[in-house]
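This report concerns only the one structure given below.
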Amino acid sequence: GMDKMLVDSLGDITITNDGATILDKMDLQHPAAKMLVQIAKGQDEEVGDGTKTAVIFAGELLKQGEELLLKEIHPTTIISGYKKALEVAIDYLYKISEPIDISDRNILRDIAKTALTSKAVHGARDYIADISVEAVLTVAENRDGRWYVDLDNIQIVKKHGGSLLDTKLVKGVVLDKEVVHPAMPRRVEGARIALLDAPLEIEKPEIDAEIRISDPTYMRKFLEEEENILSKYVEKIASTGANVVVCQ
Numbered sequence: 001g002m003d004k005m006l007v008d009s010l011g012d013i014t015i016t017n018d019g020a021t022i023l024d025k026m027d028l029q030h031p032a033a034k035m036l037v038q039i040a041k042g043q044d045e046e047v048g049d050g051t052k053t054a055v056i057f058a059g060e061l062l063k064q065g066e067e068l069l070l071k072e073i074h075p076t077t078i079i080s081g082y083k084k085a086l087e088v089a090i091d092y093l094y095k096i097s098e099p100i101d102i103s104d105r106n107i108l109r110d111i112a113k114t115a116l117t118s119k120a121v122h123g124a125r126d127y128i129a130d131i132s133v134e135a136v137l138t139v140a141e142n143r144d145g146r147w148y149v150d151l152d153n154i155q156i157v158k159k160h161g162g163s164l165l166d167t168k169l170v171k172g173v174v175l176d177k178e179v180v181h182p183a184m185p186r187r188v189e190g191a192r193i194a195l196l197d198a199p200l201e202i203e204k205p206e207i208d209a210e211i212r213i214s215d216p217t218y219m220r221k222f223l224e225e226e227e228n229i230l231s232k233y234v235e236k237i238a239s240t241g242a243n244v245v246v247c248q
């Protein structure tokens, strides 16, 4: 479908053709309408596409269910019939499905391109499809002959500027942070990385404390002691051979 421009009560503008996003932005109060929003969200989270189809299909099921109610058919009977229909549909889908060879990148690329058809990546669909396939194959795991992909292992980092063709796949970790000093190197080959779950600074006491210094000499000694403590931290890290440090 075509893109829609949504304007909320605060004046924020969203341009999208994604059904889940459109429904999420709507101020809905009716329980049935909220249920349709959850259907769209579930479809988006599990499959990433087909949200509008899922909502239209669910709406038609509700419409047909209403007609059955008007014929005085008990809700329990309707629910039972829908469950049996679901079993038949799933069984049929398995029968018509075709196994995919994960080593066949052409078919994987075609699948990705099909999923991207309705997305706002028209001019870069082939390029994004190639990157998507490479990203998935990088994190895919074979467990007892079946392939599994944990999508949490793929992160999308957005940066302002550039075009979709500037998109890059980084097989590693992206830290969207600057170095603490401009003299630090921007690239380190063969890095030995230390990951610290604490900041490189002197921790403040948990209790409220106050130090009063009346003599400038003591002030200098106080600052020197802070520097000595930090120097010991640095020396201990350096002794491990680490030449890249990432801390909180």
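According to my numbering, numbering within the sequence shown proceeds without interruption in unit steps and concludes at 248. Every residue gets a Cβ at the ideal spot worked out from N, C-alpha and C, and that includes glycine.
In this structure, leucine 164 and glutamate 134 do not form a Cβ contact; the two beta carbons are roughly 16 Å apart against a cut-off of 8 Å. Residue pairing from DSSP leaves glutamate 224 without any beta-bridge partner.
In this structure arginine 125 touches leucine 116 by the C-beta definition: roughly 5 Å separates them, less than 8 Å.
Non-local beta-carbon contacts of asparagine 153 in its own chain, meaning distances under 6 Å to residues more than five positions away in sequence, involve Val139 in chain order.
Arginine 109: member of the alpha helix (DSSP H) spanning 105 to 116, first to last residue. Per DSSP, the continuous beta strand (DSSP E) segment holding threonine 16 begins and ends at 13 to 16. Close CB contacts of histidine 181 within its chain, under the 6 Å cut and outside five residues either way in sequence, are absent. In terms of Cβ geometry, alanine 112 and serine 97 do not form a close pair [threshold 8 Å]. C-alpha of glutamine 43 to C-alpha of threonine 53: approximately 10 Å in a straight line. By the Cβ rule, the segment 233 to 247 counts as touching the segment 188 to 207, because three or more pairs are nearer than 8 Å.
Contact annotation, threonine 16 with aspartate 3: C-beta distance approximately 6 Å; criterion of less than 8 Å satisfied.
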